[in-house]
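What follows is a set of notes on a single structure, which appears directly below.
4 protein chains.
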Amino acid sequence: MSVMRLGFVHIRVTDLEEARNHYSNTMGMKVVHEEPGKLWLKCWDEYDHHSLVLEEGGVGLVKLGYKVQTKDDLERYEKRAQQFGCTTGRVSAGENLTVGDGVAISVPSGHRVELYDEIEYVGTDTGALNPDPWPRDGRGIAAHWIDHALVAADDPGLLERFFTEALDFHVAERAITNISHPEVLGSWMACGESPHDIAVIKGPDAKLHHFAFHLEDWNAILRAGDIMSMDDVSVDIGPTRHGITRGTTIYFFDPSGNRNEVFAGLGYRTFPDFPTVNWTEDQLAKGIVYISRELNEAFTTVFT
Amino acid sequence: MSVMRLGFVHIRVTDLEEARNHYSNTMGMKVVHEEPGKLWLKCWDEYDHHSLVLEEGGVGLVKLGYKVQTKDDLERYEKRAQQFGCTTGRVSAGENLTVGDGVAISVPSGHRVELYDEIEYVGTDTGALNPDPWPRDGRGIAAHWIDHALVAADDPGLLERFFTEALDFHVAERAITNISHPEVLGSWMACGESPHDIAVIKGPDAKLHHFAFHLEDWNAILRAGDIMSMDDVSVDIGPTRHGITRGTTIYFFDPSGNRNEVFAGLGYRTFPDFPTVNWTEDQLAKGIVYISRELNEAFTTVFT
Amino acid sequence: MSVMRLGFVHIRVTDLEEARNHYSNTMGMKVVHEEPGKLWLKCWDEYDHHSLVLEEGGVGLVKLGYKVQTKDDLERYEKRAQQFGCTTGRVSAGENLTVGDGVAISVPSGHRVELYDEIEYVGTDTGALNPDPWPRDGRGIAAHWIDHALVAADDPGLLERFFTEALDFHVAERAITNISHPEVLGSWMACGESPHDIAVIKGPDAKLHHFAFHLEDWNAILRAGDIMSMDDVSVDIGPTRHGITRGTTIYFFDPSGNRNEVFAGLGYRTFPDFPTVNWTEDQLAKGIVYISRELNEAFTTVFT
Amino acid sequence: MSVMRLGFVHIRVTDLEEARNHYSNTMGMKVVHEEPGKLWLKCWDEYDHHSLVLEEGGVGLVKLGYKVQTKDDLERYEKRAQQFGCTTGRVSAGENLTVGDGVAISVPSGHRVELYDEIEYVGTDTGALNPDPWPRDGRGIAAHWIDHALVAADDPGLLERFFTEALDFHVAERAITNISHPEVLGSWMACGESPHDIAVIKGPDAKLHHFAFHLEDWNAILRAGDIMSMDDVSVDIGPTRHGITRGTTIYFFDPSGNRNEVFAGLGYRTFPDFPTVNWTEDQLAKGIVYISRELNEAFTTVFT
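Chains as they are written, first to last, in the UniProt record's numbering: chain A, 1 to 304; chain B, 1 to 304; chain C, 1 to 304; chain D, 1 to 304.
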């Protein structure tokens with residue numbers, strides 16, 4: 001058994017109403033619960049209670065929640081994280097809304113990752129009986145699900161070791177300085193078959209680069225870009241192709257300055273025997289922005 | 001640990017040269033080895049030695065090979081299959097070209113399934129260092145990989161039980177007679193996150209309905225359809241949308257009459273906690289051919 | 001100067017409310033005017049007052065309206081139609097809602113075609129000042145415009161002669177019996193650069209085969225097909241590729257049994273010097289349904 | 001009658017072999033004739049002898065050739081151009097390879113435009129009898145045809161007047177300073193139904209901004225971008241959506257620095273009564289790069 005997926009992203013936003021509008025009307029998420037200063041949202045194709053928590057006050061990542069299969073997984077990963085040298089703690093059922101008992105890990109880059117095996121089941125908007133392929137009443141970009149997060153770390157190689165050794169992730173793609181004396185500059189890691197459930201690039205510890213919404217294909221990326229323009233969303237890069245993961249993408253910012261991505265393309269399946277793809281530093285811009293082979297300044301300097 | 005994927009399909013063809021032309025020039029596979037009366041082929045995006053074995057003489061399925069992670073998996077699944085009541089046997093390294101020791105199982109529907117954990121590694125056509133997203137010299141349809149097979153069984157429910165209980169597959173979608181007294185008419189089962197690595201529908205035991213090639217998206221499906229017309233390939237159904245799996249598809253026949261499919265759309269990820277989608281018999285035509293909601297006669301009667 | 005485009009289609013429907021639902025909620029047209037037993041509708045990307053008139057009582061075509069540039073065009077084409085041997089008549093301003101004075105022609109196949117140069121201008125839903133590429137509040141299939149009609153004629157060659165000689169259309173593609181002794185079986189004719197503004201195939205005089213809505217591309221065709229399934233629309237053929245025109249398509253029926261098409265692909269521009277493409281009878285099924293190369297019975301027998 | 005289309009673009013390139021490689025292997029054109037220092041090329045979907053002339057020595061535009069229907073058109077437009085105040089001259093048959101007698105006009109912006117009504121007919125690569133929708137042996141981007149050119153002019157309004165008044169073009173879209181005191185900053189003009197056969201923006205007289213290749217859709221744009229990356233083509237902007245014309249696009253440079261575009265989307269038909277779309281200066285970046293709403297410096301400063 002292993003980690004199943006990125007279950008929720010919990011971030012800070014400077015203005016909750018602006019954030020509500022962005023994630024709800026532009027991204028198409030549904031508000032499933034709200035309390036003063038806090039919103040819980042889910043995408044139409046997700047069956048768990050929520051995948052995004054917005055907390056007013058500041059900007060940046062509070063924590064990432066990953067769902068595991070069983071309580072045994074919780075214990076095993078807690079022990080492994082401790083053995084790796086991480087500080088861990090217990091999370092009581094209900095501390096995260098509708099989420100069961102969990103384990104909190106301060107990973108080597110300083111980010112807070114929580115594991116849990118239970119969360120209230122809600123179901124997707126199309127249901128599980130003779131479903132339509134998509135909901136007729138989708139709003140805005142109508143993102144399918146929150147897919148992955150890219151975090152920054154002063155030592156990406158160490159974080160890669162943590163996720164692979166302690167949490168059983170495997171490395172789909174890796175950015176290195178060069179072949180002869182490789183130093184890890186970035187790592188795209190999967191707990192399942194998707195190219196990445198977590199990724200890391202070199203940058204300031206404990207910071208977030210972006211989290212990503214899954215869309216169905218390149219046409220959905222164009223439609224998303226059109227909607228960003230209609231809704232005055234600040235676009236960072238794209239639409240373009242990634243070399244890394246082969247996906248197609250637009251990077252953009254929520255009203256608070258947290259970077260989002262729309263990402264399409266489960267372009268290959270990363271089985272446990274998948275041969276890790278390596279990108280050398282001289283080809284890294286191509287790896288990220290395949291078509292123009294150029295990164296803008298914001299991409300490499302703006303973290304929240 | 002579990003079964004990783006459908007590794008190879010071994011079929012009979014009436015005419016090896018016609019089959020070579022179909023799978024090589026139309027589907028875009030590469031012939032990796034040949035012996036009198038036999039061909040081994042792989043797709044450009046597969047890294048194992050081969051995924052298709054063609055054997056001259058007749059028509060229909062010889063066996064399906066599924067790759068597992070370790071030798072322990074082989075032993076565990078052998079034991080579980082025996083406990084389920086299946087006849088099993090050992091396969092020596094080399095009996096399947098470049099494949100290591102394995103286990104052969106006569107599954108309840110009479111199909112031969114072989115498990116193995118080793119096969120010669122060849123690598124994809126784009127490589128694992130700074131790769132392009134697709135090979136510039138792709139031929140014909142340029143299928144990415146062989147994705148799944150759909151077999152017939154007199155008792156689909158029994159075969160579903162075998163794959164889930166003995167081999168740890170989970171059920172992504174299921175066709176049933178009705179909700180109140182459900183009888184299994186078909187089952188789409190995954191060992192990983194894809195909607196199906198094996199599927200079964202009611203029909204004559206030991207027969208093949210089709211095996212499928214993965215394409216990237218709906219546009220690739222159109223291009224594949226165009227090439228089928230250019231190459232005089234016999235088309236069964238499509239292009240259309242599946243309700244079941246949400247994928248897009250064309251069914252067609254190789255020159256010997258074995259049914260193939262081009263399938264696009266890893267439209268959702270089937271995690272172990274994925275809520276099985278049910279289709280009732282009255283909606284089954286819609287489940288298979290979502291747009292027209294009509295099945296032709298060949299689809300439900302032609303097996304090889 | 002010449003005929004500009006198919007301006008409106010006027011048909012009979014058996015049930016006005018069912019037709020309203022189909023053309024409004026499924027096709028995404030807007031009802032611009034209604035009177036007892038009659039509805040006028042337009043698509044979002046059309047700037048004239050209406051493009052479809054629905055009249056309760058029966059089924060089939062009442063008339064086709066083609067817009068010309070000037071009053072001089074009206075007179076010239078009236079004279080030419082008379083010289084060709086057609087019965088013509090004058091249409092007074094207002095006989096067609098918001099449409100100016102016109103000319104009615106009983107074309108050789110017995111269909112009624114009306115020419116006019118004035119109709120109330122309404123504007124598209126995206127406007128003409130800094131417009132978005134598509135309207136955010138589009139409904140259903142959100143068809144861009146009504147693009148062309150295909151009518152039946154006992155003598156398609158005669159109707160081709162009428163449209164080219166009397167109305168200055170040019171022949172983009174033509175279906176013939178064979179090369180050596182060609183007899184015209186069908187003709188796809190353009191007044192502008194699109195592959196066809198009117199088409200004709202052999203069949204019963206005065207009957208309609210279908211009229212078509214323009215969509216942007218193959219992805220919009222899939223989405224349209226999905227919506228047809230959601231809305232229980234009866235599908236005739238498709239999605240598929242046309243050989244003739246290279247377009248992509250679905251044929252389907254409105255609730256009264258009038259055949260519609262969604263058509264994508266201004267795949268080439270038919271300039272006045274465009275070399276007519278010929279299709280021989282043995283390749284005609286491929287010309288119409290390029291991928292499967294098979295026509296169903298309804299396609300060749302159902303006219304309204 | 002009127003001008004039919006942009007027939008050929010004649011440019012200078014610094015290195016003929018690099019240019020041959022770019023236009024042939026990357027863009028997919030075919031070299032139809034060559035002489036020392038000069039190449040003639042055509043796209044697969046064009047039926048005239050050539051659409052691009054490359055002349056070694058320098059960079060930038062030599063002339064644009066527009067094809068008209070008849071010799072009467074030549075004379076009429078010659079007279080109209082003279083009445084507009086332009087210097088004109090006669091071009092003898094053969095001065096442009098396989099092109100008949102023509103008229104050369106020095107348009108108000110100083111560009112050389114030549115009109116002609118005859119050029120050797122070659123036919124498209126798919127032929128005119130039972131054709132496939134695309135050629136199986138296409139190379140690289142496999143552009144359909146050269147579609148339009150965008151030139152710079154110190155007085156775009158004057159050039160718009162020339163093309164509309166003297167050559168019967170109509171204005172599809174126009175960029176203006178503002179609504180109340182509009183000054184023309186750019187103009188997208190059509191001789192047929194396409195959004196633009198010539199366009200002009202404010203800039204240095206007699207200079208070229210880019211000429212464009214038509215592709216079928218947004219997916220072809222992605223594939224083109226992938227090929228640009230594989231072939232180390234310098235990309236300027238894109239892939240993205242245009243607000244103006246609604247098309248999708250990538251701007252890039254040939255090895256000599258002449259800007260090219262791949263453009264998809266005959267998104268609407270510009271009939272003679274098409275209501276001109278206006279873009280105000282404050283929305284012009286959105287008009288050109290709809291998604292990011294930002295122009296880079298090269299786009300507004302690099303002309304050849």
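Just so it is clear, CB atoms sit at the ideal spot from N, CA and C, and this is done for glycine as well.
Coil, strand or helix - residue i by DSSP
{"i": "Arg80/C", "result": "helix"}
{"i": "Phe252/B", "result": "strand"}
{"i": "Ser234/C", "result": "strand"}
{"i": "Leu295/A", "result": "coil"}
{"i": "Tyr66/B", "result": "strand"}
{"i": "Met228/C", "result": "helix"}
{"i": "Asn278/C", "result": "strand"}
{"i": "Gly7/B", "result": "strand"}
{"i": "His209/C", "result": "strand"}
{"i": "Leu158/C", "result": "helix"}
{"i": "Ile288/A", "result": "helix"}
{"i": "Thr304/A", "result": "coil"}
{"i": "Thr124/C", "result": "coil"}
{"i": "Leu167/A", "result": "coil"}
{"i": "Thr26/C", "result": "helix"}
Cross-strand partners of residue i (DSSP beta bridge)
{"i": "Trp145/B", "result": "His214/B"}
{"i": "Glu55/D", "result": "Arg12/D, Lys38/D"}
{"i": "Ile119/A", "result": "Val99/A"}
{"i": "His33/C", "result": "Trp40/C"}
{"i": "Trp188/B", "result": "Glu173/B, Ala199/B"}
{"i": "Gly94/A", "result": "According to DSSP, Gly94/A bridges with nothing at all."}
{"i": "Phe263/D", "result": "His214/D, Thr249/D"}
{"i": "Glu114/C", "result": "Gly65/C, Ala104/C"}
{"i": "Thr240/C", "result": "Thr249/C"}
{"i": "Asp48/D", "result": "Tyr121/D"}
{"i": "residue 335/A", "result": "Since the first and last residues shown for chain A are 1 and 304, residue 335/A lies out of range."}
Straight-line Cα distance separating residue j from residue i
{"i": "Pro131/C", "j": "Gly243/D", "result": "7 Å"}
{"i": "Thr300/B", "j": "Ile288/B", "result": "11 Å"}
{"i": "His111/A", "j": "Gly238/A", "result": "27 Å"}
{"i": "Glu297/B", "j": "Pro182/C", "result": "36 Å"}
{"i": "Phe8/A", "j": "Ile105/A", "result": "15 Å"}
{"i": "Asp137/C", "j": "Lys42/C", "result": "15 Å"}
Beta carbon proximity, residue i to chain D, threshold 8 Å
{"i": "Val31/C", "result": "no"}
{"i": "Asp132/B", "result": "yes"}
{"i": "Ser51/C", "result": "no"}
Test: residue i CB closer than 8 Å to a CB of chain C
{"i": "Leu129/D", "result": "yes"}
{"i": "Asp45/D", "result": "yes"}
{"i": "Thr248/B", "result": "yes"}
Distance cut-off 7 Å: residue i Cβ against heavy atoms of the ligand MG
{"i": "Ala142/A", "result": "With respect to the ligand MG, the structure offers nothing, as it holds no ligand at all."}
Original post:
Taking any Cβ of chain D, which residues in the segment 181 to 192 of chain A have a Cβ under 7 Å from it, in chain order?
Top reply: Of all residues in the segment 181 to 192 of chain A, none has a C-beta nearer than 7 Å to a C-beta of chain D.
Original post:
Along the segment 226 to 245 of chain A, what residues have a CB closer than 7 Å to any CB found in chain D?
Top reply: Within the segment 226 to 245 of chain A, the qualifying residues are Asp226, Met228, Ser229, Val235, Pro239, Thr240, Arg241.
**OP:** Give, in chain order, every residue of the segment 203 to 219 of chain D whose Cβ lies closer than 7 Å to some Cβ of chain B.
**Re:** Listed by position along the chain: Asn219.
**OP:** Determine which residues of the segment 262 to 281 of chain B have a Cβ less than 9 Å from any Cβ of chain C, and write them out in chain order.
**Re:** Within the segment 262 to 281 of chain B, no residue qualifies.
**OP:** Give, in chain order, every residue of the segment 136 to 170 of chain A whose Cβ lies closer than 7 Å to some Cβ of chain C.
**Re:** Flagged, chain order: Arg136.
**OP:** Using a Cβ-Cβ cut-off of less than 8 Å, list which residues of the segment 283 to 300 of chain A approach chain B; keep chain order.
**Re:** Within the segment 283 to 300 of chain A, those residues whose Cβ lies closer than 8 Å to any Cβ of chain B are, in chain order, Gln283, Lys286, Gly287, Tyr290.
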